[in-house]
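Shown next, in structure tokens, is the structure this report addresses.
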Amino acid sequence: MHKKLKKPPFLIPDWKVSELVGAAVTTRENGFSMNEFANFNLATHAGVDLCVLEKNRIEIKSWFDSGLQWQWLNQVHGNNAVRVSEASKSIIADAAVTDQRGLVCCVLTADCLPVFFAAKDGSEVGLAHAGWRGLSAGILEATLLKFNAARENIQVWIGPGIGQCHFEVGSDVRDSFLQGQSINQIEKLDSSFQRIANAPQKFLCNLRSLAAHTLNRLGVTEVSGGDFCTYCDEDRFYSYRRDSQCGRMLSMIYKKNL
Ligand SMILES: [Zn+2]
0 MHKKLKKPPF LIPDWKVSEL VGAAVTTREN GFSMNEFANF NLATHAGVDL CVLEKNRIEI
60 KSWFDSGLQW QWLNQVHGNN AVRVSEASKS IIADAAVTDQ RGLVCCVLTA DCLPVFFAAK
120 DGSEVGLAHA GWRGLSAGIL EATLLKFNAA RENIQVWIGP GIGQCHFEVG SDVRDSFLQG
180 QSINQIEKLD SSFQRIANAP QKFLCNLRSL AAHTLNRLGV TEVSGGDFCT YCDEDRFYSY
240 RRDSQCGRML SMIYKKNL
């Protein structure tokens with residue numbers, strides 16, 4: 000018999016979204032995983048005890064409507080977004096969009112940004128896994144292309160990811176965003192890369208502002224969130240950059256079965 004946690008093991012996005020939409024992102028604080036995966040890992044990885052993972056999955060599901068179907072993705076840091084109408088086996092993609100009630104779009108992260116999308120009327124929802132590779136490859140553009148709603152009727156919340164305070168990158172990452180852009184765009188994009196004193200080819204990269212900039216350019220103006228740094232907040236979040244071997248938080252969004 001599953002012994003339920005006393006406290007919800009997740010955060011609720013603080014965006015003003017339609018009440019038809021449910022969304023959450025898990026924290027690592029409570030759960031059943033041990034050692035480097037402690038405590039609430041939701042990803043399959045080498046070294047993960049699958050029985051414990053199943054307990055964690057049962058736990059998270061127990062906090063939501065039992066009629067929900069869960070769509071998992073096999074994430075590859077690419078730019079493939081899918082529109083789903085029923086849950087199937089894990090799909091190779093980094094974003095999913097749906098207009099079906101009770102179908103949960105799931106993304107797993109530990110530093111990359113989970114980017115939550117919802118039509119303002121609650122008719123469609125989506126979720127993208129966006130690290131620097133995905134952002135640079137166009138995963139947010141690809142996600143928006145799967146929506147029927149007009150861009151001005153879509154709102155976005157950015158979940159916990161690595162903050163600029165801790166995301167040191169080389170010039171290759173900066174170049175991947177700047178190459179081929181107009182002078183005007185280069186100036187805007189470059190403001191997300193802070194130079195590090197005495198380290199000429201090193202930058203502190205702001206994934207949140209890169210995502211917001213991209214969304215704004217594509218016509219999505221209502222963008223909130225991005226306030227958590229996974230590296231800074233070791234108690235609540237996994238961070239791949241900090242710990243290398245670690246678990247993953249689950250981000251989820253769905254249309255409620257009302
Ligand atoms: Zn930080």
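Counted from 1, the sequence shown has number 80 at position 81 by numbering that gives the first Met the number 0; the numbering is strictly sequential.
For glycine and all other residues, C-beta sits at the position ideal for the given N, C-alpha and C.
Keep in mind the model is a prediction, meaning the values are calculated, not measured.
Judged by beta-carbon spacing, Phe-36 lies within the 8 Å limit of Cys-245, meaning their Cβ atoms are closer than that value. One Cα belongs to Ala-198, the other to Val-168, and the distance between them is close to 11 Å. Under the 8 Å Cβ criterion, the region 67-80 counts as touching the region 100-109, having at least three qualifying pairs. For Leu-102, the uninterrupted beta strand (DSSP E) segment begins and ends at 102-108. Thr-220 is not a Cβ neighbour of Glu-140, given a cutoff of 8 Å.
In the three-state DSSP reduction, Asn-73 falls in the strand class (E or B). If you measure from each CB to the nearest heavy atom of ligand 1, the residues under 7 Å come out as Ile-161, Gly-162, Cys-164, His-165, Cys-228, Tyr-230, Cys-231.
DSSP places Gly-133 in the uninterrupted alpha helix (DSSP H) bounded by 131-136. For Cys-204, the uninterrupted beta strand (DSSP E) segment begins and ends at 198-204.
Between the alpha carbons of Ala-22 and Leu-249 lies a gap of roughly 11 Å. Just measuring C-alpha positions, the residue of Ala-196, Ile-153, Ile-157 sitting nearest Lys-119 is Ile-153.
Annotation for Ser-84: Gln-99 place their beta carbon closer than 6 Å to its own, counting only its chain and skipping 5 residues before and after. Annotation for Arg-56: the continuous alpha helix (DSSP H) segment containing it runs 49-61. Excluding sequence positions up to five before and after Ala-86, its CB lies within less than 7 Å of the CB of Gln-68, Trp-69, Gln-70, Leu-102, all in the same chain and listed in chain order. Annotation for Leu-112: no alpha helix (DSSP H) segment contains it, though the beta strand (DSSP E) segment containing it runs 112-118. Using a 10 angstroms sphere on the CB of Val-114, the tally of other CB atoms reaches 16 or more, which defines it as buried. When secondary structure is reduced to three states using DSSP, Arg-194 falls in the strand class.
At a Cβ-Cβ threshold of 8 Å, Phe-166 and Cys-204 count as neighbours. By the Cβ-count criterion, Thr-43 is exposed, with fewer than 16 other Cβ atoms from all chains shown falling within 10 Å of its own Cβ.
Pairing Ile-91 with Asn-78 gives a Cβ-Cβ distance that is not under 8 Å.
Distance between Thr-25 and Phe-176, taken at the CA atoms: about 30 Å. The beta carbons of Lys-3 and Glu-58 sit closer together than 8 Å.
Nearest Cα to Ala-127 within the set Pro-159, Gly-121, Ala-149: Pro-159. Using a 10 angstroms sphere on the CB of Lys-254, the tally of other CB atoms reaches 16 or more, which defines it as buried. Straight through space, the alpha carbons of Lys-145 and Glu-18 are spaced by roughly 22 Å. For Ile-182, the three-state secondary structure derived from DSSP is helix. Following the DSSP letters along the chain, one finds Arg-173 inside the alpha helix (DSSP H) bounded by residues 170-177.
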